[in-house]
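All remarks here apply to the structure that follows.
2 protein chains.
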Amino acid sequence: MTHPRLDHDALRGALETAGLRPTPQRLAVYDQLAAMDHHPTAEEVFRAVRPRSPRISLATVYKALEALVAVGAVDRLGAESAAGPARYDARGDRHYHFRCLRTGTIHDLPTQYDPRLIEQLDPGLADDLRDRGFQVTGYRLELLGYRLPGRDEPGSPGSGRDA
Amino acid sequence: MTHPRLDHDALRGALETAGLRPTPQRLAVYDQLAAMDHHPTAEEVFRAVRPRSPRISLATVYKALEALVAVGAVDRLGAESAAGPARYDARGDRHYHFRCLRTGTIHDLPTQYDPRLIEQLDPGLADDLRDRGFQVTGYRLELLGYRLPGRDEPGSPGSGRDA
DNA sequence: ATCGATGCAAAGCGTTTGCAGGGGT
DNA sequence: ACCCCTGCAAACGCTTTGCATCGAT
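For the protein sequence lines, the chains are H and A, in the order given. Under my numbering, the first residue of the first sequence carries the number 142, and numbering increases by one thereafter. Under my numbering, the first residue of the second sequence carries the number 142, and numbering increases by one thereafter.
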């Protein structure tokens with residue numbers, strides 16, 4: 142349990158509202174993603190979900206993730222280095238990320254998401270952009286840097302102030 | 142001229158300091174990128190630079206962009222939708238971006254870059270992260286949304302307050 | 001019976017790499 | 001002479017797509 146997440150009923154409802162079926166594969170992919178304590182790639186989700194859903198295919202995982210992104214249950218974090226795969230986040234709440242430029246791994250920040258950050262940074266910017274044809278729907282803030290080697294995939298990252 | 146950029150001597154120096162040669166192809170790629178009023182893909186740079194450097198190959202454009210990124214003269218903006226190519230920015234100054242989730246195009250924001258934004262958002266965060274093995278080297282802030290159709294590649298985006 | 005979803009394989013796209021040839025120091 | 005770079009083509013990794021089958025209404 143790293144972040145609040147949707148229960149099955151809410152997820153079913155979200156999918157059905159969008160005209161998508163709440164299939165076992167989609168629910169399994171979501172559950173698996175929500176249960177993982179990092180932000181995995183599609184391949185990692187595939188491997189992790191196979192015990193629960195042994196006949197699932199990688200293509201179905203991609204399609205399930207796409208459906209979950211479409212209904213807003215999952216956030217896709219594009220690769221920064223072109224040589225790497227995208228990562229997925231079963232966001233329950235919005236939050237910021239730290240991205241390791243060496244490994245491509247993404248870590249949650251403890252900092253609380255501030256919906257008014259843009260307004261504080263530049264008052265009137267969103268209105269200004271809207272008048273000029275840019276509809277702003279959100280923002281993404283990432284710290285970039287390097288995580289020390291040997292600390293990836295630690296056993297107990299939960300100490301300290303990580304969210 | 143959209144942003145301050147390095148002149149040839151500075152760029153030569155930056156490349157040579159890094160042990161890289163200031164070849165005509167690399168200089169041409171940089172010049173072309175700096176002259177473009179948007180943030181093009183490698184393919185767009187390739188097509189645009191061909192008149193100046195007719196025998197250049199797409200692979201060389203990729204390699205040149207990689208070298209320019211390595212010396213800090215160019216910023217690579219990873220694709221958000223996995224189905225799209227990365228984009229490149231001949232950054233002279235740091236700045237923020239708006240990313241269109243429909244077309245993948247990236248636009249500069251007029252807002253001035255604030256190096257203390259992270260410290261203001263969460264005082265002590267960077268120090269805290271450093272103590273826990275995360276070395277923060279910078280941050281990236283992007284507004285996400287949709288640009289109205291028919292306004293891409295406009296003839297005169299320079300009016301208004303765009304940077 | 002209909003219509004979307006799955007699973008497999010194959011294709012697709014952006015990017016990188018291997019390597020022979022070339023050019024500057 | 002050395003070493004890096006270029007340009008071509010082939011390979012690569014990640015993601016999507018075509019299509020026959022499946023499953024739920």
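Yeah, the Cβ is synthetic: ideal placement off N, Cα and C, and Gly gets one too.
- With fewer than 16 other beta carbons inside 10 angstroms of its own, residue 200 of chain H counts as exposed.
- Annotated as distal: residue 218 of chain H and residue 248 of chain H, with beta-carbon spacing of 8 Å or more.
- Counting only residues of its own chain and dropping the five nearest sequence neighbours on each side, residue 282 of chain A has a CB closer than 7 Å to the CB of 237.
- Using a Cβ distance threshold of 8 Å, residue 190 of chain H and residue 169 of chain H count as a contacting pair.
- Under the Cβ distance rule, residue 151 of chain A does not count among the residues neighbouring chain H, no pair being separated by less than 8 Å.
- Against chain A, the beta carbon of residue 184 of chain H has no neighbour under 7 Å; the closest one sits roughly 13 Å away.
- Counted as a single uninterrupted DSSP element, the alpha helix (DSSP H) harbouring residue 171 of chain A occupies residues 165-176.
- In this chain, the alpha helix (DSSP H) harbouring residue 210 of chain A covers 199-211.
- Residue 158 of chain H: not part of any beta strand (DSSP E); member of the alpha helix (DSSP H) spanning 149-158, first to last residue.
- Of all C-beta pairs linking the stretch 271-285 of chain A to the stretch 266-280 of chain H, three or more are shorter than 8 Å, placing the two stretches in contact.
- In the three-state reduction of the DSSP assignment, residue 266 of chain A falls in the helix class, which pools H, G and I.
- Nearest CB-CB separation between residue 239 of chain H and chain A: below the 8 Å threshold.
- Residue 214 of chain A sits close to residue 171 of chain A, with the two beta carbons spaced by under 8 Å.
- The DSSP-derived three-state label of residue 258 of chain H is helix.
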